[in-house]
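K.L.:
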Amino acid sequence: MSDKASLRIVLANPRGFCAGVDRAIEIVEKALEKYGAPVYVRHEIVHNKFVVNRLRDMGAVFVDELDAVPDGVPVIFSAHGVPKSVPEAAETRKLEYLDATCPLVSKVHRGAERHHADGKHILLIGHAGHPEVIGTMGQLPPGSMTLVETEEDAETIEISDPENLAFVTQTTLSLDDTAKIIEILQRRFPSIAVPKKEDICYATTNRQHAVKLIAEKADAILVLGAPNSSNSNRLVEVAKREGCTRSVLVERAKDIDWSKLDGISSLGITAGASAPEILVEEVIDACRERFDVTVETITLTNENVTFKLPRQLAS
């Protein structure tokens, strides 16, 4: 008879890697196979230290900007997307580059370009300083796009030509928060052009809906993800809003503050879109050392999205 307390782990499905992250990591791996080390990567390929360190061990070199990339070696752009000035600079230097931008981020870029070509000013709903936002704003000439971060921004923003207005959004936002911002913008600017299809990506949407399901069944929730991962932070916020106030973001099992889990009988676990499943398994193993664990999976949907590799790596 075990003297450990019982703990029911409730796993969210879907969780972890999305198709865009899978593709970005595969681009680095295949580039290393094709070109040999080193292969340079501008910024973290995805926001996860475990993933970045594994690729670094394989021969990837991560740099902040192109000027740190020597001549004659391939460079990869991260899944978050880059301003147009970055591939232009690579072409000027005759660097071979591979674009690992998630196709769903690229879709937002193309939508912004279409609105701009139609003479519209664009509002970008997103978080200042996030690489995806920097990349999206960098698709158009300065002044073509205005960032809207909050409901307050949406209420107070001044637009010189409100009849020629459109909006796009960062792909990793909170669905609920974004819906409120869009509601305000549509109330204030009734003729604002909307994206043909939701910009918040399928993976962000599914993971937020799935965490809502486990929040109903868990005393506490651990979200596996990096502190700079937008979609992972949103999962914590969604879980708390659903009433599971003991929801925290952790990078790995070693980061868990077990004192915060005192007295719980059920623990929800999910993972942001750039967190590998091995880290979820690591957390479950750590729980088994302390508790008598049973595991239940709550499935919202099974994802089967895949994206093609760049033509240079297509076999």
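The sequence shown begins at 98 in my numbering and counts up one residue at a time.
Glycine included, every Cβ here is placed at the ideal spot set by N, Cα and C.
Fair warning: this is a prediction, and the values are worked out from it, not measured in the lab.
1) Taking the DSSP output, what are the residues bridged to residue 105?
2) The beta strand (DSSP E) with residue 172 in it runs from where to where?
3) In the DSSP output, which residue or residues are listed as bridge partners for residue 344?
4) Can at least three beta-carbon pairs, one atom from the stretch 383 to 391 and one from the stretch 121 to 129, be found at a separation below 8 Å?
5) Which term fits residue 392, buried or exposed, when burial requires 16 or more other beta carbons within 10 angstroms of its beta carbon?
6) DSSP three-state call for residue 403: helix, strand or coil?
7) Could you check which residue in 175, 151, 297 and 150 has the C-alpha nearest to that of residue 161?
8) Exposed or buried, residue 403, counting other C-beta atoms within 10 Å across all chains shown (16 or more means buried)?
9) At 3 residues or longer, and completely inside the stretch 203 to 278: list those beta strand (DSSP E) runs for me, N to C.
10) Of the choices 198, 181 and 164, whose alpha-carbon is the least far from that of residue 173?
11) For residue 100, which three-state DSSP category applies?
12) Quick one: is residue 229 buried, meaning 16 or more other Cβ sit within 10 Å of its Cβ, or exposed?
13) Where DSSP assigns a beta bridge to residue 201, which residues make up the other side?
P.N.:
Inspection of the coordinates gives the following:
1) In the sequence shown, residue 105 corresponds to position 8, counting from 1. Bridge partners of residue 105: 363 and 391.
2) Here residue 172 refers to the residue found at position 75 of the sequence shown. Where residue 172 is concerned, the enclosing beta strand (DSSP E) stretches over 172 to 174.
3) Numbered from 1 along the sequence shown, position 247 holds the residue referred to as residue 344. The partner list for residue 344 (beta bridge, DSSP) reads 318.
4) no
5) The residue you call residue 392 lines up with position 295 of the sequence shown. The residue is exposed, with fewer than 16 neighbouring Cβ atoms inside 10 Å.
6) Locating residue 403 in the sequence shown gives position 306, counting from the first residue. Here residue 403 sits in coil by DSSP.
7) Here residue 161 refers to the residue found at position 64 of the sequence shown. Residue 161 has its Cα closest to that of 175, out of 175, 151, 297 and 150.
8) On the sequence shown, residue 403 is found 306 positions in, with the first residue counted as 1. With fewer than 16 Cβ atoms within 10 Å of its Cβ, residue 403 is classed as exposed.
9) 218 to 222, 242 to 245 and 262 to 266
10) Indexing the sequence shown from 1 puts residue 173 at position 76. The shortest Cα separation from residue 173 among 198, 181 and 164 belongs to 198.
11) Along the sequence shown, read from residue 1 onward, the residue named residue 100 stands at position 3. Reduced to three states, the DSSP call for residue 100 is coil.
12) Position 132 of the sequence shown, counted from the first residue, corresponds to residue 229. Classification for residue 229: buried.
13) Your numbering for residue 201 matches position 104 in the sequence shown. Answer is none; residue 201 lacks a bridge partner.
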